[in-house]
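Trainee: This is the structure I want to talk about, given as C-alpha cells.
There are 2 protein chains.
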Amino acid sequence: MEERKSCQKTPCHDCDRFAAWYLLGGDEAEARAKAEDLCLEQTVECPEEILPAGFIQDQVVGRLEAFERTDGGAHRALVSFLDDVTGGELPQLLNVLYGNISLKKGFCLDRVRDCFPFWRRFKGPRFGREGLRTLLGVPRRPLLSTAIKPMGLPPEQLALLAGRFAAGGIDLIKDDHGLCNQPFAAFAERAGRCAEAVRKGSAQAGHKALYAPNVTAPADEVCRRARFAKQLGAGALLVCPGLTGFDAMRTLADDDTLQLPILAHPAFLGSFVTSPDNGISHYALFGQIMRIAGADAIIFPHAGGRFGFLPEDCREVADGTQAPLGGLRSIFPAPGGGMSLQRIPELLEFYGNEVIFLVGGDLLRNGAEIEKNCERYRKMVADV
Amino acid sequence: MEERKSCQKTPCHDCDRFAAWYLLGGDEAEARAKAEDLCLEQTVECPEEILPAGFIQDQVVGRLEAFERTDGGAHRALVSFLDDVTGGELPQLLNVLYGNISLKKGFCLDRVRDCFPFWRRFKGPRFGREGLRTLLGVPRRPLLSTAIKPMGLPPEQLALLAGRFAAGGIDLIKDDHGLCNQPFAAFAERAGRCAEAVRKGSAQAGHKALYAPNVTAPADEVCRRARFAKQLGAGALLVCPGLTGFDAMRTLADDDTLQLPILAHPAFLGSFVTSPDNGISHYALFGQIMRIAGADAIIFPHAGGRFGFLPEDCREVADGTQAPLGGLRSIFPAPGGGMSLQRIPELLEFYGNEVIFLVGGDLLRNGAEIEKNCERYRKMVADV
Chain Y
823 MEERKSCQKT PCHDCDRFAA WYLLGGDEAE ARAKAEDLCL EQTVECPEEI
873 LPAGFIQDQV VGRLEAFERT DGGAHRALVS FLDDVTGGEL PQLLNVLYGN
923 ISLKKGFCLD RVRDCFPFWR RFKGPRFGRE GLRTLLGVPR RPLLSTAIKP
973 MGLPPEQLAL LAGRFAAGGI DLIKDDHGLC NQPFAAFAER AGRCAEAVRK
1023 GSAQAGHKAL YAPNVTAPAD EVCRRARFAK QLGAGALLVC PGLTGFDAMR
1073 TLADDDTLQL PILAHPAFLG SFVTSPDNGI SHYALFGQIM RIAGADAIIF
1123 PHAGGRFGFL PEDCREVADG TQAPLGGLRS IFPAPGGGMS LQRIPELLEF
1173 YGNEVIFLVG GDLLRNGAEI EKNCERYRKM VADV
Chain F
823 MEERKSCQKT PCHDCDRFAA WYLLGGDEAE ARAKAEDLCL EQTVECPEEI
873 LPAGFIQDQV VGRLEAFERT DGGAHRALVS FLDDVTGGEL PQLLNVLYGN
923 ISLKKGFCLD RVRDCFPFWR RFKGPRFGRE GLRTLLGVPR RPLLSTAIKP
973 MGLPPEQLAL LAGRFAAGGI DLIKDDHGLC NQPFAAFAER AGRCAEAVRK
1023 GSAQAGHKAL YAPNVTAPAD EVCRRARFAK QLGAGALLVC PGLTGFDAMR
1073 TLADDDTLQL PILAHPAFLG SFVTSPDNGI SHYALFGQIM RIAGADAIIF
1123 PHAGGRFGFL PEDCREVADG TQAPLGGLRS IFPAPGGGMS LQRIPELLEF
1173 YGNEVIFLVG GDLLRNGAEI EKNCERYRKM VADV
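Taken in sequence, the protein lines are chains Y and F.
The number in the numbering used here is simply the position in the first sequence, starting from 1, with 822 added.
The number in the numbering used here is simply the position in the second sequence, starting from 1, with 822 added.
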C-alpha cells in the first residue's frame, strides 16, 4: 500500500481535496490502469499527453492517493479530487464521483472519505436522527412508520387510513411513493385530507404523528408542492431522489421556509447497487450520498422481503447512515419492502434502536383490524 | 404467445393504457412470476389479496398483455399501465416503468411501446433532427460537434478554443460536461466569453455554429442558468439528466422563453445499461426516454473508444432515437467518448447521415493545428 502524505489522516482537516475509495476489477495491473484512467475520466476527460502543465496536471486531475489489495483479493484505490472541481454543487459532485465511469465496467464507488472541510460545504440533513426524535418526542425507541396505499383509492379513503394509523400510534405516516398527482387522487386534495386526518387521529391518541406526502414531482413543481403540503399541515416530506434528481431533495432540505424532515425513497436507484462490477455501494449511495443530499431517513428494502437485498447490504446502509462525514448529522435507516409485524423482533436485533421500521401492507390485512395491528406494532417497540 | 385484444395494435390509438416490454430472468415459470410481480410492484405495491375489487384490481394494477420466449431463449413480457397512474408527470412515468423493480434482479426494461395517445401527452424534443438541421442550415450531411476542454482552463482560454472550433467550421461546440460553475471557470464568464467567441468565429468562417454551455446545475439553478446562457448568446444547451433528473431537462425543452436545442449527456446513467440482468436497454434509455424527456440529441460512447459499449448497443441507441413514438420527433445520436478523426469513415458507415459526430480531445492534438484538424473533420463529411 502506498499513500500520499496529503490524504493520510481520517478525518482530514487541512487540505483542499476530498477523496473516495473505488473497487476496481481485473488483476493488479488492470486495476491500477483503471485507477489511473479514473483520475482523468472523472475530471479532464483528455489523454494525459495533451494536458497543460501546472494547475491542471498538478491539481485538477484526480490523484491516486492509495492503491491496495482488499482482503477478498480485489483491488481498491483512494482517489482525491480538488474541492473546487465540484464548484460546491451537488450535481457536479456526483459527476466527479461517478459520472462518466458509471458507463464503464469494473469501477465501483465504495465510499467517500471523511474529508471534513469538504463535506462541511454541504448542509446535509436538517434534522437527522436527533432532530426527528425531538420533533416526535420519542427519545429512545425505534420509530414506527407505514404507508397509505394502494394507489387507486380516492383521497377520502386514503385519509381514512392515514387517520386510523395516526390513532393507532404510528409515528410517521407516508404516502405510498407511487402517489403523485393522479386524477383519482390529486395532490392537493389527498395531502389536505390526509394531513387533517393525521392531525385528528394523533390528537385522539394523545400521540404526535407526522404525515409525509410524496412531493416527487415535475422539476418545476417539487418546491411548490412541498410548500403547499406544509400549508396543508404536512409534518414531513417523502421524495424519490432517483426520480427528481438528488439536488431537488437538497433544495427541500436547505429551504428555511420549509423546515420539514425528509424521508428518501430508493425508487429508480436500484441499478446502482445490483451489479457486482459497476455501481455504487449500499454504504455510499444509501448511507453517505443520501445524507449529503439532505435526507433525514432513507427507506430501503430489508433482506428477505419482496426485494433481493442481502443482510450485509442492509448492514452497509445502516453503517453509512451514521459514519462520521464532515460532521453531517446521522440519519435513520428505514428498512421496509415487504416487512411484516412478525419480523419486528428480528429487525430490532439487527438494527437496534436507531431505526425507523416501515411496515406497509401487513397492517392492512384483516381490514377492520388496523388499530389492533398498530397496537401490536407499537407494543413490539414499547419497552426497548 | 398470448396477447390481450386491448393492446394488439402498434401503434395503439384507442385505449387509455400504455405499455412496455420487459426482459425477465429465470426459467419460464420464474419469468412469468416476475411478470406478475411487476404488475403489482410498479403500481399498488400490495399483495393481491388485500386489493379492493373494481377500479384498482381491474385498471390500476399493471396488466400482463403478452408473455413470450425470445429468440435467445429468454422471456419477455408486455405489461400495460393505465395512463392516469402517471398523472401525466415524467418522474412518475419513470417510477411506473422502472422505479421499484430497479431494486430487483432479473427485470430489464427493454422498450416502451408506441402507444400513440399516451406519448402525445409529452411534448418531447422541441427541435429534433429536422429542427436542428434547419437551425444550422445543414440539410443533409452529418453534423459535427466538439467539446471545449480540459476542465481547469480559465474562461479566456476556453473561449479561445471555442472560437477556433467555430472558425474551423464545427457546427456544435459544447462545454465539456464537467464544466459547471467552478471558481476557475465561473459559469457566467465562461458562457459569455464562449458564446461571443463562437459568434465571431462563426461569422469569420461564414458558417453557422452553436455554442452549448453546460447547464447541469443545482435544481434551483438549472432554468436560471439556461435563461442566462440564452441572454449571453448560447445557441444550444448541454445537460446531464442523470445528474439533474430527467424532468429538469424536460422543463428546459418545454420552456417557450428558451427555445434552445438540447444535447443530453449520459453521465451517471451508465449503471442502468451495464448489468445483464437489471437495468434499462440502450434503446429505451438513450433512445426513447431521452426523447420523451425532451433531448434533441443524445451523446453516448461509441464502441471501441474509451468506454465499453458494443456495436450492438450503439445500434440500439440509434434505432431508439428514431423509432415511432407517439409522433415525437426523431433525435440525433451523438456518438463520442474518445472518437478520433480517423474513425469518422467507419462511423459514417455505421450511422449514415443522421448523426452528430463528437470528436473532442483528438482535435486538440498538435496544439497549433486545431484549424487544420477541423478542416480535415469537415472534409470527411462534406460530400455525403
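For glycine and all other residues, C-beta sits at the position ideal for the given N, C-alpha and C.
1. Taking Lys945 of chain Y as the reference, give the member of Y:Cys834, Y:Gly848 and Y:Ile1111 with the closest Cα.
2. By alpha-carbon positions, which one of F:Leu846, F:Leu1169 and F:Ile1102 ends up nearest to Gly1127 of chain F?
3. Pick from Y:Gly928, Y:Gln914 and Y:Pro1167: whose alpha carbon is nearest that of Glu852 of chain Y?
4. Buried or exposed: where does Val1206 of chain F fall if 16 or more other Cβ atoms within 10 Å of its Cβ makes it buried?
5. In this structure, does DSSP put His1124 of chain F in helix, strand or coil?
6. Does DSSP classify Ile1102 of chain Y as helix, strand or coil?
7. Just the chain F side, please: which residues come within less than 7 Å of Lys971 of chain Y by C-beta, in chain order?
8. Secondary structure at Phe903 of chain F, three-state DSSP: helix, strand or coil?
9. Can you tell me which of Y:His897, Y:Gln979 and Y:Met973 puts its alpha carbon nearest to the alpha carbon of Phe889 of chain Y?
10. Measure from the C-beta of Glu825 of chain Y to each C-beta in chain F and report whether the shortest distance is under 9 Å.
11. Given this structure, state the Cα-to-Cα distance separating Ala1125 of chain F from Pro1157 of chain F, to the nearest angstrom.
12. Anyone know if the C-beta pair for Asn1175 of chain Y and Pro964 of chain Y falls short of 9 Å?
13. Assign Asp849 of chain Y to buried or exposed, taking buried as 16 or more other Cβ atoms, counted over all protein chains shown, within 10 Å of its Cβ.
14. Taking the alpha-carbon positions, what's the Ala1010 of chain F to Ala1056 of chain F distance?
15. Measure from the C-beta of Thr1066 of chain F to each C-beta in chain Y and report whether the shortest distance is under 9 Å.
16. Across the stretch 1040 to 1060 of chain F and the stretch 912 to 921 of chain F, are there enough close Cβ pairs to call them in contact, namely three or more that are closer than 8 Å?
17. Enumerated in chain order, which unbroken segments of the alpha helix (DSSP H) with a length of 4 residues or greater are wholly contained in the stretch 1062 to 1118 of chain Y?
18. Ends of the beta strand (DSSP E) at Ser967 of chain F?
19. Please classify Leu1132 of chain Y as buried or exposed, where buried requires at least 16 other C-beta atoms within 10 Å of its C-beta.
20. Whether or not the stretch 977 to 996 of chain Y and the stretch 1019 to 1036 of chain Y are in contact is what I'm after, with contact meaning three or more pairs of Cβ atoms, one per stretch, closer than 8 Å; do they touch?
21. On the three-state DSSP scale, how would you describe Pro913 of chain Y?
22. Using DSSP with H/G/I as helix, E/B as strand and the rest coil, what is Ala961 of chain Y?
23. For Lys927 of chain Y, go through chain F and note every residue whose CB falls closer than 8 Å to its CB, in chain order.
24. Alpha carbon to alpha carbon, how far is Pro961 of chain Y from His1029 of chain Y? Give it in angstroms, no decimals.
25. At 9 Å on the CB atoms, spell out the chain F contacts of Gly946 of chain Y, in chain order.
26. Assuming Leu1091 of chain Y and Ala1034 of chain Y make a contact with CB atoms under 8 Å, what is their CB distance in whole Å?
27. Any idea what DSSP makes of Ala1145 of chain F, helix, strand or coil?
28. Would a C-beta distance cut-off of 9 Å place Arg935 of chain F and Leu980 of chain F closer than the cut-off?
29. Give me the residue from F:Arg986, F:Ser1097, F:Thr956 and F:Asp1078 with the minimum Cα distance to Ala969 of chain F.
30. With a CB to CB cut of under 6 Å and the five nearest residues on each side skipped, what residues in its chain are close to Gly990 of chain F?
31. Cβ closer than 8 Å: which chain F residues qualify as neighbours of Tyr920 of chain Y?
32. Quick one: Cα of Glu911 of chain Y to Cα of Arg839 of chain Y, how far?
33. Cutting at 8 Å between CB atoms, please list the residues of its own chain near Glu825 of chain Y, excluding the five before and the five after it.
34. Between the alpha carbons of Ser1152 of chain Y and Glu1138 of chain Y, how many angstroms are there, rounded?
35. Would you mind stating whether Thr1096 of chain F and Asp1078 of chain Y have Cβ atoms separated by less than 9 Å?
36. By the 9 Å beta-carbon criterion, what residues does the stretch 1041 to 1053 of chain Y contribute toward chain F?
Mentor: The answer reads as follows:
1. Position 123 of the first sequence, counting from 1, holds the residue named residue 945 of chain Y. Nearest C-alpha to Lys945 of chain Y: Y:Ile1111.
2. Residue numbering aside, residue 1127 of chain F sits at position 305 when the second sequence is read from its first letter. Per the Cα distances, F:Leu1169.
3. To locate residue 852 of chain Y, count along the first sequence from 1; it is residue 30. Ranking Y:Gly928, Y:Gln914 and Y:Pro1167 by Cα distance to Glu852 of chain Y puts Y:Gly928 first.
4. The residue given as residue 1206 of chain F occupies position 384 in the second sequence. Answer is exposed; the Cβ neighbour count stays below 16.
5. For this step, residue 1124 of chain F is matched to residue 302 along the second sequence. Correct three-state label for His1124 of chain F: coil.
6. As a working note, residue 1102 of chain Y is residue 280 in the first sequence. DSSP places Ile1102 of chain Y in strand when its eight states are reduced to three.
7. Taking the first sequence and counting its residues from 1, the one referred to as residue 971 of chain Y is at position 149. Those within 7 Å of Lys971 of chain Y in chain F are Val866, Glu867 and Cys868.
8. What you label residue 903 of chain F is simply residue 81 of the second sequence in a count that begins at 1. Look at Phe903 of chain F here: in three-state DSSP terms it is strand.
9. The residue you call residue 889 of chain Y lines up with position 67 of the first sequence. Cα-wise, what sits closest to Phe889 of chain Y is Y:His897.
10. Locating residue 825 of chain Y in the first sequence gives position 3, where the first residue counts as 1. Residue placement at Glu825 of chain Y cannot be trusted, given a pLDDT of 44 that sits under 50; what the coordinates show is reported in the next sentence. Not an interface residue.
11. Counting from 1 along the second sequence, the entry for residue 1125 of chain F is found at position 303. Counting from 1 along the second sequence, the entry for residue 1157 of chain F is found at position 335. Approximately 9 Å, taken between the alpha carbons.
12. Counted from its first residue, the first sequence places residue 1175 of chain Y at position 353. Counted from its first residue, the first sequence places residue 964 of chain Y at position 142. Their beta carbons are under 9 Å apart, which means Asn1175 of chain Y touches Pro964 of chain Y by this criterion.
13. Counting from 1 along the first sequence, the entry for residue 849 of chain Y is found at position 27. Exposed is the call here.
14. Counting from 1 along the second sequence, the entry for residue 1010 of chain F is found at position 188. Counting from 1 along the second sequence, the entry for residue 1056 of chain F is found at position 234. Each residue's Cα considered, the two are about 11 Å apart.
15. In the second sequence, the residue the question calls residue 1066 of chain F occupies position 244. Chain Y contact via Cβ: present.
16. no
17. 1063 to 1066 and 1068 to 1076
18. Residue numbering aside, residue 967 of chain F sits at position 145 when the second sequence is read from its first letter. Per DSSP, Ser967 of chain F belongs to the beta strand (DSSP E) from Leu965 to Ile970.
19. For the purposes of this step, residue 1132 of chain Y is identified with residue 310 of the first sequence, where counting begins at 1. By the 10 Å Cβ count, Leu1132 of chain Y comes out exposed.
20. yes
21. Here residue 913 of chain Y is taken as the residue at index 91 of the first sequence, counted from 1. Pro913 of chain Y: helix per DSSP, three-state reduction.
22. The sequence position of residue 961 of chain Y within the first sequence is 139, counting from 1. The amino acid occupying residue 961 of chain Y in the given sequence is Pro; Ala does not appear at that position. Three-state DSSP puts Pro961 of chain Y in coil, outside helix and strand.
23. On the first sequence, position 105 is the one that residue 927 of chain Y refers to. Under the 8 Å cutoff, chain F gives Thr1096 and Gly1130.
24. One-based indexing of the first sequence puts residue 1029 of chain Y at position 207. One-based indexing of the first sequence puts residue 961 of chain Y at position 139. Computed Cα separation, rounded: 14 Å.
25. Sequence index remark: in the first sequence, residue 946 of chain Y carries index 124 (1-based). Under the 9 Å cutoff, chain F gives no residues; its nearest Cβ is about 15 Å from Gly946 of chain Y.
26. Counting from one through the first sequence, the residue named residue 1091 of chain Y turns up at place 269. Counting from one through the first sequence, the residue named residue 1034 of chain Y turns up at place 212. Not really, about 19 Å apart at Cβ, beyond 8 Å.
27. Against the second sequence, residue 1145 of chain F aligns to sequence position 323. Residue state, collapsed to three classes: coil.
28. Within the second sequence, the letter at position 113 stands for residue 935 of chain F. Within the second sequence, the letter at position 158 stands for residue 980 of chain F. Result no, Cβ atoms of Arg935 of chain F and Leu980 of chain F do not sit closer than 9 Å.
29. Position 147 of the second sequence, counted from the first residue, corresponds to residue 969 of chain F. The candidate whose alpha carbon is nearest that of Ala969 of chain F is F:Arg986.
30. Reading the second sequence from its first residue, position 168 is the one you call residue 990 of chain F. Here the set comprises Glu1193 and Cys1196.
31. Position 98 of the first sequence, counted from the start, is the residue given in the question as residue 920 of chain Y. Listed by position along chain F, the residues whose Cβ is nearer than 8 Å to that of Tyr920 of chain Y are Phe1090.
32. Locating residue 911 of chain Y in the first sequence gives position 89, where the first residue counts as 1. Locating residue 839 of chain Y in the first sequence gives position 17, where the first residue counts as 1. Roughly 15 Å between the two C-alpha positions.
33. Translated into the one-based positions of the first sequence, residue 825 of chain Y becomes position 3. Unreliable placement is indicated for Glu825 of chain Y, whose pLDDT of 44 sits below 50; the coordinate value is still reported in the next sentence. The residues are Glu887, Ala888 and Leu900.
34. As a working mapping, residue 1152 of chain Y is identified with position 330 in the first sequence. As a working mapping, residue 1138 of chain Y is identified with position 316 in the first sequence. Distance between the alpha carbons of Ser1152 of chain Y and Glu1138 of chain Y is about 14 Å.
35. Taking the first residue of the second sequence as 1, we reach residue 1096 of chain F at position 274. Taking the first residue of the first sequence as 1, we reach residue 1078 of chain Y at position 256. Not in contact: Thr1096 of chain F and Asp1078 of chain Y (Cβ atoms no closer than 9 Å).
36. Ala1041, Asp1042, Glu1043, Val1044 and Cys1045
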